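Below: one structure, written as structure tokens.
Numbering (the numbering used here), first residue to last: 735 to 903.
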């Protein structure tokens, strides 16, 4: 979903900063971005940071200040176990403050995990930290009975999506 949104921003002439531990799947990336001109694709600043993701988020804050992007993506920012990194949270807060009042959304992506308390079916890694930053949580889950079907839950609204070669529909 983030790649599809990034493609739309780039095709509109905008700039995207994408920070992640590992680069997105190259096959899917090529498929989704095949219609983006090379000139517009040059406005995608992809920073694959490996285990230094917190440093990458801090660096992306500096880049955000200089480049005035139209979209910032922080992909898979939380560890698979344990608590969210306090320095990563601080760097995300810095980016949010830099972009305050500007028309630049930030997609902060983290994994879902099963809620052991039974209160909800799914929980979002780092959700409490993000809620303190006044972010809105979206949950994207696999729809029962459909490999290419997804549910997008935003607040109380449930949107059914289908994955195609061009992205979500």
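Backbone N, C-alpha and C define an ideal beta-carbon position, used for all residues, glycine too. Since this is a predicted model, take the numbers as computed values, not measurements.
Any non-hydrogen atom of the ligand GTP closer than 7 angstroms to residue 894 Cβ: With respect to the ligand GTP, the structure offers nothing, as it holds no ligand at all.
Beta-carbon spacing of residue 782, residue 757 below 8 angstroms: yes
Where residue 826 falls: helix, strand or coil (DSSP): helix
Environment of residue 812 [buried if 16+ CB atoms lie within 10 Å]: buried
Residue 766 - DSSP class collapsed to helix/strand/coil: helix
In chain order, each alpha helix (DSSP H) run of at least 4 residues that lies wholly inside the segment 757-802: 760-767, 772-775, 787-801
Segment contact, 8 angstroms Cβ cut-off, at least three pairs: the segment 798-814 with the segment 737-745: yes
Distance, residue 777 Cα to residue 847 Cα: 33 angstroms
Buried versus exposed call for residue 830 [16 or more other C-beta atoms within 10 Å across all chains shown]: buried
Straight-line Cα distance separating residue 780 from residue 752: 5 angstroms
Stretch-stretch touch, CB-based, cutoff 8 angstroms, three pairs: the segment 883-895 with the segment 855-872: yes
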